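The sequence shown lines up with residues -20 to -1, 1 to 272 when you count with mature numbering (1 follows the signal peptide of the UniProt record, and there is no 0). Reading through the structure tokens given below for one structure.
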Amino acid sequence: MTVVPWVIMLLCVILPRVNGLTSFHEFYMVDKGDSLVTLTCPTAFSGAMTWKYEAEDLDKTQVQGHNLILNEVDWYGEYSCWDGDRKLGSIYLLEELKDPEEQDDYLISCRAKSYGCTFNCSWTRSEFTAVRLGLGHDCTDSQESCTWVYPTTSLQDGGLEFELTHSLSPYTEETAPLVVTVEAITRQEYLRKTKRFYLHDIVQPDSPAGMKCQVMDQRLKVKVEPPATWNCPPSYFPLEHQIGYIFKDNGKEEHSMNPLIPRGVSKLRVRSRDPLVPSPWSQWTPWKNVTN
């Protein structure tokens, strides 16, 4: 009696091949934990073929036509199909990671400099050799219409920076959260996570573009110039500013939300935030010496 195991379809992504699994332009398959895995040679070929795992020959009894049948998955990585000594192609079998040690907020963090049409996300796991992000339910649902975004910058700590574009209007209230899907791979592993948030929850202005001081009797009036990346007009997109200043006589630092500060300060700096959310504070500007 022959028992035919129940085979559940695996997620299979087929894209142009390059040397090594360092991008998503690969043939790869993700093991979803099924009892039986079928790998198909990605190259059309009419003759008999053999299979190797990481250059080691595999049992020919596992080969059925162009397919390699794995009743149990013992190894993850590169499986290649061969015509004698000629390599026909390869496919990477990846283990899906279900519960990474880090929480989602540590894996990926997002920030918008304003309520404009773009925001940035940072990825922290440097051991993954390829990472991509997608915005919207097309990507969450693995639709072909998903537009994937690839890193724009490599960070000093080994992380990656992404820039994503959305279609939200800055003049209307958000009715649904943004949904960001991330896929990350190594030669043997696959990770997929989804992060949901409202745009106003990730807004953090850049540091102010500058500041000017004007003497008014026994006080200084500090006028803060908003960052160039912030939305206009300021009447609709207000910012509030915090002023940090150091006294000449005792070197003590004080902070004020009032643009009028005491005279007798040696230097000052400012930072800004959206008072309506309220957003996190921007970074401080560099200290500026005061001559008055």
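All C-beta atoms, glycine included, are put in the ideal place defined by N, C-alpha and C. Keep in mind that this is a model prediction, so the values were computed, not measured.
Expected contact under 8 Å - CB spacing of residue i and residue j to nearest Å
i           : j           : result
residue 284 : residue 10  : Nothing in the structure corresponds to residue 284, since the chain is present only between -20 and 272.
residue 109 : residue 86  : Contact flag wrong, Cβ pair sits at about 19 Å.
residue 154 : residue 178 : 5 Å
residue 128 : residue 116 : That belief does not hold up - the Cβ atoms of residue 128 and residue 116 are roughly 11 Å apart, past 8 Å.
residue 68  : residue 29  : 6 Å
residue 107 : residue 166 : 7 Å
Cβ-based burial, residue i [other Cβ within 10 Å; buried from 16]
i           : result
residue 133 : exposed
residue 210 : buried
residue 256 : exposed
residue 267 : exposed
residue 24  : exposed
residue 91  : exposed
residue 66  : exposed
residue 251 : buried
residue 176 : exposed
residue 151 : exposed
residue 122 : exposed
residue 119 : buried
residue 265 : buried
Residue i to residue j span [Cα, whole Å]
i           : j           : result
residue 146 : residue 181 : 15 Å
residue 71  : residue 19  : 8 Å
residue 222 : residue 34  : 59 Å
residue 216 : residue 149 : 13 Å
residue 159 : residue 55  : 33 Å
residue 174 : residue 198 : 55 Å
residue 88  : residue 237 : 33 Å
residue 137 : residue 194 : 42 Å
residue 233 : residue 157 : 40 Å
residue 183 : residue 125 : 28 Å
residue -16 : residue 130 : With a pLDDT of only 34 at residue -16, under 50, the local geometry of the prediction cannot be trusted, and the value read off the model is given with reservation. Using only the alpha carbons, I get a separation of about 39 Å.
Extent of the continuous beta strand (DSSP E) run through residue i
i           : result
residue 63  : 57 to 63
residue 132 : Where residue 132 is concerned, there is no enclosing beta strand (DSSP E), given that its DSSP letter is neither H nor E.
residue 145 : 140 to 145
Distance cut-off 7 Å: residue i Cβ against heavy atoms of the ligand ZN
i           : result
residue 209 : This structure lacks the ligand ZN; in fact it carries no ligand of any kind.
Quiz item: What are the start and end residues of each continuous beta strand (DSSP E) run of 3 or more residues lying completely inside the region 71 to 127, in chain order?
Solution: 88 to 91, 98 to 103, 110 to 115
Self-check item: Length at least 4, wholly inside the region 216 to 255: the alpha helix (DSSP H) runs in chain order
Solution: none
Practice problem: Just list the beta strand (DSSP E) runs in the region 3 to 52, keeping only unbroken ones of 3 residues or longer that don't cross its boundaries, in chain order. | Solution: 7 to 11, 17 to 20, 30 to 33, 47 to 50
Exercise. May I have a chain-ordered list of the alpha helix (DSSP H) segments no shorter than 4 residues that lie completely inside the region 149 to 223?
Key: 179 to 182
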